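Participant: One structure is given below, represented as structure tokens, and several questions about it will come after.
In structure tokens form, the structure reads like this:
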């Protein structure tokens, strides 16, 4: 940490900040709120340092919010940082949902009850390895719309969203008696934007007009140059081992301080077909210790990763390849996916305690997990027996154009004349199974840059292309056109194939399916099982569904979407919150594109997230 020791000391404070700020010119805000003054952050006029951690309400079962927040307090954090996920709240344009798992205001209130401040990151774009970076898929229905820009087709719905969010959360700002002390403007725009000033000015104004005019506003970036504005604070984001070169960059962005690391990446995320990434605990602890001793404010990303339940895991575009993320967002964080403290938790708790001189509350005990054997998927239904009414179209349409956000889409064509050669899909997003007359003849995978297959077709044959959405890109300029299905065209021996029947197949439990007892003989298959928690165990104890024996698909438990499965790994278990289990009569539903027969599953006491590989973060 020699480079750190040679730097100006960033007086104890920091908070997700981004943008140019002069310490002698604090942002105007309500009296007694969080301000920047003379190189310091001050709360109620007193010097204040943020020691925070990210934890996202959508990634933690609502029943467990309180327990996880207590774990944060016990590690020594004084602040919780959370994104707000627009697409979780406005799945359908104009229809807002802040109930149940989406009750972000209750999450903020519970944080306050546990003695924690909140840093709010409402975007509207958030990244976070979350589908489309938190943006609603319906924004892509119009192919001319340009997200994260001043295009009215984006700005108008974004403005409506922020105003509606303000109704929920603006009253919970610190100066109004709540605990929200800062609000982020957009997210890492320096890694994306071109019309920087106009776009960020409009987003900032929309946030203020939504009622967030009593909190410190800031921007957050990992790029060499921040996406910010002169009168906003900036914070910097980086991974373990990068403090020596990144902190001087922050000093250039924000001369005079205060200084904060808005995201200190203490772990990393996994993608399908790769390893389970971890970051060395000693490296994290040593670097955090150096930053805290130098007076920096820090927010750990993630303190508790949790789970991208359902189909909300996103994807990256890296090395010119598509990399979809797994369901687990364990992130090798201090608190693991099921909310249990790890050795990293204990090490960072010690560092924070020594740096602050404050002894945190005792670490709460965590309940035991359970294992359940012999879950027989003894009811089944074939997709082919329950297809919906198709849409006839001369050209191909994407999921979004059919009003579908998440799921599968089936393109069907009756062949007019015999042909043999290369079938080519231009713009496969993301995984296709090719059938001729109902028989699977091959698969194509966007991850592997597969887009062509040799076929032989006779007149009157039925060609089916079943495409699964594996998650929208959530970072960088590629996300702008991240529609799903087939976004281009299909050709056979360089001749375009036109006139299709298109079936939208959204991820949803179809209660109209005609299940039969016994195996499924024609995949894709939907399976259903009923099971009880063991008599000898606790019915509401957490467990982990072992997906060995499944191919590729999604799983629901008692109506809750647990997430995606894929036999390529690395993730092999899905987190099953005990709060979602019942003593008896639990219903498990599995949609699987590849597996036929009558699988039997089990749950285990510990997660299996794949072969471990230590990674160096950017």
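In mature numbering (1 follows the signal peptide of the UniProt record, and there is no 0), the protein residues as written are -23 to -1, 1 to 595.
Yeah, the Cβ is synthetic: ideal placement off N, Cα and C, and Gly gets one too.
Model, not experiment: these values are computed from the prediction.
Suppose the cutoff is 6 angstroms on Cβ atoms and the five residues either side in sequence are ignored; what does the same chain contact list for residue 188 look like?
Facilitator: On the chain shown, position 211 is the one that residue 188 refers to. If we look at residue 188 and ignore the five residues flanking it on each side, its Cβ neighbours are 143 and 147.
Participant: For residue 350, which residues of its own chain have a beta-carbon under 6 angstroms away from its beta-carbon, when the five flanking residues on both sides are left out?
Facilitator: What you label residue 350 is simply residue 373 of the chain shown in a count that begins at 1. Counting only Cβ-Cβ distances below 6 angstroms, and skipping sequence neighbours, we find 579.
Participant: Distance check for residue 495 and residue 63, CA to CA, integer angstroms please.
Facilitator: Mapped onto the chain shown, residue 63 falls at position 86. Mapped onto the chain shown, residue 495 falls at position 518. The alpha-carbon atoms of residue 63 and residue 495 are separated by roughly 41 angstroms.
Participant: Roughly how many angstroms lie between the CA atoms of residue 26 and residue 295, to the nearest whole one?
Facilitator: Position 49 of the chain shown holds residue 26. Position 318 of the chain shown holds residue 295. Distance between the alpha carbons of residue 26 and residue 295 is about 35 angstroms.
Participant: What residues in its chain sit with their C-beta under 6 angstroms from that of residue 508, if we drop five residues either side in the sequence?
Facilitator: Here the question's residue 508 lines up with position 531 in the chain shown. Excluding residues within five positions, the ones whose Cβ falls inside 6 angstroms are 352 and 563.
Participant: Is the beta carbon of residue 308 sitting closer than 7 angstroms to the one on residue 246?
Facilitator: The residue labelled residue 308 in the question sits at position 331 within the chain shown. The residue labelled residue 246 in the question sits at position 269 within the chain shown. Yes, these two residues count as a Cβ contact at 7 angstroms.
Participant: Taking all protein chains shown into account, do 16 or more other C-beta atoms lie within 10 angstroms of the C-beta of residue 390, making it buried, or fewer, making it exposed?
Facilitator: Here residue 390 corresponds to residue number 413 of the chain shown, with the count starting at 1. Buried, since its Cβ has 16 or more Cβ neighbours within 10 Å.
Participant: Under 7 angstroms, do residue 301 and residue 588 count as touching if we go by C-beta distance?
Facilitator: Translated into the one-based positions of the chain shown, residue 301 becomes position 324. Translated into the one-based positions of the chain shown, residue 588 becomes position 611. No, these two residues do not count as a Cβ contact at 7 angstroms.
Participant: How long is the line joining the alpha carbons of residue 277 and residue 257, rounded to whole angstroms?
Facilitator: As a working note, residue 277 is residue 300 in the chain shown. As a working note, residue 257 is residue 280 in the chain shown. The alpha-carbon atoms of residue 277 and residue 257 are separated by roughly 15 angstroms.
Participant: If you draw a straight line from the C-alpha of residue 526 to the C-alpha of residue 504, how long is it?
Facilitator: Counting from 1 along the chain shown, the entry for residue 526 is found at position 549. Counting from 1 along the chain shown, the entry for residue 504 is found at position 527. Taking the straight line from one Cα to the other gives about 13 angstroms.
Participant: Please confirm if the region 199 to 218 is in contact with the region 477 to 494, defined as three or more CB-CB distances below 8 angstroms between the two stretches.
Facilitator: These segments do not touch.
Participant: Around the C-beta of residue 519, are 16 or more other C-beta atoms found within 10 angstroms, so that it is buried, or is it exposed?
Facilitator: If you number the chain shown from 1, residue 519 lands on position 542. So residue 519 counts as buried.
Participant: Within a Cβ cutoff of 7 angstroms, which residues of the same chain sit near residue 270, ignoring the five residues on either side of it in sequence?
Facilitator: Residue 270 sits at position 293 when you count from the first residue of the chain shown. Hits under 7 angstroms: 332.
Participant: Compare the beta carbon distance of residue 162 and residue 97 with 7 angstroms and say whether it is the shorter of the two.
Facilitator: Counting from one through the chain shown, the residue named residue 162 turns up at place 185. Counting from one through the chain shown, the residue named residue 97 turns up at place 120. Cβ atoms of residue 162 and residue 97: not closer than 7 angstroms.
Participant: Would you say residue 303 and residue 375 are within 7 angstroms of each other, going by their C-beta atoms?
Facilitator: In the chain shown, counting from the first residue as 1, residue 303 sits at position 326. In the chain shown, counting from the first residue as 1, residue 375 sits at position 398. It is not a contact, given that the beta carbons lie outside the stated cut-off.
Participant: For the alpha helix (DSSP H) containing residue 163, name the first residue and the last one.
Facilitator: As a working note, residue 163 is residue 186 in the chain shown. Taken as a continuous stretch (DSSP letters only), residue 163 belongs to no alpha helix (DSSP H), as it is neither H nor E.
Participant: Could you tell me the distance, in whole angstroms, from the CA atom of residue 576 to the CA atom of residue 174?
Facilitator: The residue given as residue 576 occupies position 599 in the chain shown. The residue given as residue 174 occupies position 197 in the chain shown. Rounded to the nearest angstrom, the two C-alpha atoms are 56 angstroms apart.
Participant: What separation, rounded to the nearest whole angstrom, lies between the Cα atoms of residue 529 and residue 420?
Facilitator: Along the chain shown, read from residue 1 onward, the residue named residue 529 stands at position 552. Along the chain shown, read from residue 1 onward, the residue named residue 420 stands at position 443. Rounded to whole angstroms, residue 529 to residue 420 spans 12 angstroms at the Cα level.
Participant: Where does the unbroken alpha helix (DSSP H) through residue 332 begin, and where does it stop?
Facilitator: Working through the chain shown from its first residue, we reach residue 332 at position 355. That run of the alpha helix (DSSP H) goes 320 to 333.
Participant: Less than 7 angstroms between the C-beta atoms of residue 91 and residue 50, yes or no?
Facilitator: Taking the chain shown and counting its residues from 1, the one referred to as residue 91 is at position 114. Taking the chain shown and counting its residues from 1, the one referred to as residue 50 is at position 73. Yes, the Cβ-Cβ distance between residue 91 and residue 50 is below 7 angstroms.
Participant: Give a single yes or no on whether residue 388 has its beta carbon closer than 6 angstroms to a heavy atom of the ligand SAM.
Facilitator: Looking for the ligand SAM in the displayed structure turns up nothing, as the structure carries no ligands at all.
Participant: For residue 66, tell me which candidate among 56, 53, 55 and 81 has the shortest Cα-Cα distance.
Facilitator: As a position in the chain shown, residue 66 is number 89, starting the count at 1. Ranking the options by Cα distance to residue 66, first place goes to 81.
Participant: Just to confirm the assignment, what range does the alpha helix (DSSP H) spanning residue 258 have?
Facilitator: Start at 1 with the first residue of the chain shown, and residue 258 comes out as number 281. Start and end: 258 to 270.
Participant: Assign residue 174 to one of three DSSP states: helix, strand, or coil.
Facilitator: For the purposes of this step, residue 174 is taken as residue 197 along the chain shown, with counting starting at 1. Three-state result, residue 174: helix.
Participant: Which class does residue 110 belong to by DSSP, given the choice of helix, strand or coil?
Facilitator: Counted from its first residue, the chain shown places residue 110 at position 133. Looking at residue 110 - three-state DSSP - the assignment turns out to be helix.
Participant: Between residue 449 and residue 291, which are expected to be in contact by the criterion C-beta below 8 angstroms, what is the C-beta distance as a whole number of angstroms?
Facilitator: Along the chain shown, read from residue 1 onward, the residue named residue 449 stands at position 472. Along the chain shown, read from residue 1 onward, the residue named residue 291 stands at position 314. With 8 angstroms as the limit, residue 449 and residue 291 qualify as a contact, their Cβ atoms being about 6 angstroms apart.
Participant: What does the alpha-carbon distance come out to for the pair residue 398 and residue 113?
Facilitator: To locate residue 398, count along the chain shown from 1; it is residue 421. To locate residue 113, count along the chain shown from 1; it is residue 136. C-alpha separation (whole angstroms): 39 angstroms.
Participant: If you drop the 5 nearest sequence neighbours on each side, which residues of the same chain put their C-beta closer than 6 angstroms to that of residue -2?
Facilitator: As a working note, residue -2 is residue 22 in the chain shown. Per-residue confidence for residue -2 stands at a pLDDT of 28, beneath the threshold of 50, marking its modelled position as unreliable; the derived number appears in the next sentence. Result list for residue -2: empty, nothing under 6 angstroms.
Participant: Within the same chain, show all residues whose beta-carbon is closer than 6 angstroms to that of residue 357, passing over the 5 residues directly before and after it, in chain order.
Facilitator: Taking the chain shown and counting its residues from 1, the one referred to as residue 357 is at position 380. Correct list, in chain order: 497, 502 and 504.
Participant: Where do the ends of the beta strand (DSSP E) carrying residue 563 lie?
Facilitator: The residue given as residue 563 occupies position 586 in the chain shown. Its beta strand (DSSP E) spans residues 563 to 569.
Participant: Which of the three DSSP states, helix, strand or coil, is assigned to residue 52?
Facilitator: For the purposes of this step, residue 52 is identified with residue 75 of the chain shown, where counting begins at 1. Helix, per DSSP.
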